[in-house]
Structure formats: structure tokens, C-alpha cells
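Structure, as C-alpha cells:
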Amino acid sequence: MKSKLLLVIGLVMVACGSNTKITGAWTNKEKLENKSFSSVFIAVLSSNTAAKTLLEDQLGYEAQQAGIKAIKSHNTFRTTFTKESKPSKEELLSVIRGTNSETIFTVVLKDQQSETRYVPGTTNYAMGYAPLGYYGYYGSFWGYYNNIYPYAYDPGYYTTDKVYYLESNLYDANTEELLWSAQSKTYNPSDLDSFVEGYTRAIIKELINDGVLKSKK
């Protein structure tokens, strides 16, 4: 029986399109076989408090709706961790295990890059070539010049894309063993909400493709 918990990880469904793509995924099929979990500790590892809170809250809400006990790290650890104030392994695991969570689901922003690309200008293509002869704007120099000018002088432009790389992992809270992992790539999210929506939607699809999540359709 596939874990009921794994259904919760990706249940934030949205109607809009997604700019997030899964670039790689791995499943510990042996350890997940015949596993059934009823609780999860959700930890978005980010210094961006707004993003961390939004994603943890959405995942936590869906967990509660499905009858799964979900504990969110921003409600558990009141201190904002930094590179200099990282808790020890013993302290961290003691707090997480103290919540009686069976699994730990983590999300982290691995990288953020800017990519420049060229956007071609307007081009008018036809299926096969033939001038319009004695009719249409091909019939005179000015008719042709006046109609083709906007195309000839629209050479295109360069634009910069923002690209975000996320990694998502599911661990056994008792053994610390990795159960499932995926990396994703998000292009130009318009805002924080669309960023979270695109991420969760891509995770759903990957969990289904990996056989970890059963489709509800």
C-alpha cells in the first residue's frame, strides 16, 4: 500500500499553467514498499520567511484536509536559523522527533541564476513562396514598402530570465534514510504565489510518474 502521506506532499492543485519542470528524481522503492505514514514534519529551508511560511502552510493545510498530522517548522522553531546559528544534529532531531513525526519533507532553493536569451522580431512566413503579382501590396513599390517596413525594422531584442532550482526530499524521521528526492527548475515566476503553485504542481506530476503517488483520477 502506497503511503497516504505521499499524497499530501503534492496536493496543492492550481488551474494555471506551470513554469516549473522536474530535472531529476529518485525513489527508494524498496523502503517505500508497503509503507504507510500518518505524520510529516514539513521544513522549507530558506531565509525568505514569506516563501517559507507560505509553502509550509499550504502543504500543512492539505495534510490536515487529508487527515494527516503535519507539523510546520516555522511553528516549531521560533528562532530564525542562520549560517552562524545552525542547531546541532542532536538538537534538531530531538525537536523533530519530539513532535512524533514519522517523516520529514524538506524543500530548499539550491541555486538562482539569470539567463539572457534573444527574442526574434516579427517575421511573416508563407507556405511556399510566390509574389502576389498584379494584386495586393506586391503590385507596386510603395504598396510593398509600406507593408513590409514594420517587419524589416523589428529586429528583436534580448531579455533576461530568472531561473530558480529547488530540491525536495522525503526522509524517514527515525532512521534519517532518504525515501524520495527530486530537483526542479522554475522560470520567471510572476510572484510568490505562482512560484509555490508551479512548484507544487510539478511535484504532483513527478510523484505520479514515479509511482509514489496514486492519481485520484
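In mature numbering (1 follows the signal peptide of the UniProt record, and there is no 0), the protein residues as written are -20 to -1, 1 to 197.
Glycine residues also receive a C-beta, built at the ideal position from the N, C-alpha and C atoms.
- Under DSSP, lysine 9 shares a beta bridge with no residue.
- Only exposed fits threonine 3, as fewer than 16 other CB atoms lie within 10 angstroms of its CB.
- A direct Cα-to-Cα measurement between alanine 5 and tryptophan 160 gives close to 8 angstroms.
- Closest in alpha carbon position to threonine 139, among Ser170, Leu146, Ala153, Arg97, is Arg97.
- Residues of the same chain with a CB within less than 7 angstroms of the CB of glycine 40, apart from the 5 flanking positions on each side, are Ile22, Ala50, Lys52 in chain order.
- Assigned with DSSP and collapsed to three states, phenylalanine 17 falls in coil, not helix or strand.
- Around glutamine 44, the same chain offers Ala50 as residues with beta carbons nearer than 7 angstroms, after the five sequence neighbours per side are excluded.
- Here arginine 97 is bridged, per DSSP, to Thr139.
- If you draw a straight line from the Cα of lysine 9 to the Cα of lysine 15, it is about 10 angstroms long.
- DSSP, read as helix, strand or coil, puts alanine 153 in coil.
- The shortest CA-to-CA distance from serine 170 to any of Leu72, Ser18, Thr83, Tyr179 is the one to Tyr179.
- Boundaries of the beta strand (DSSP E) harbouring lysine 165: 158 to 167, taken from the DSSP string.
- The DSSP-derived three-state label of serine 170 is coil.
- Take the alpha-carbon of threonine 86 and the one of tyrosine 151: they are about 8 angstroms apart.
- Inclusion of glutamine 163 and tyrosine 145 in the CB contact set at 8 angstroms is warranted, their separation being smaller than that value.
- Per DSSP, the unbroken beta strand (DSSP E) holding lysine 52 starts and ends at 49 to 52.
- In this structure, the beta-carbon distance from glutamate 147 to valine 88 falls below 8 angstroms.
- Under the three-state reduction of DSSP, phenylalanine 85 is assigned to strand.
- Note on geometry: alpha-carbon atoms of alanine 182 and asparagine -2 lie some 9 angstroms from one another.
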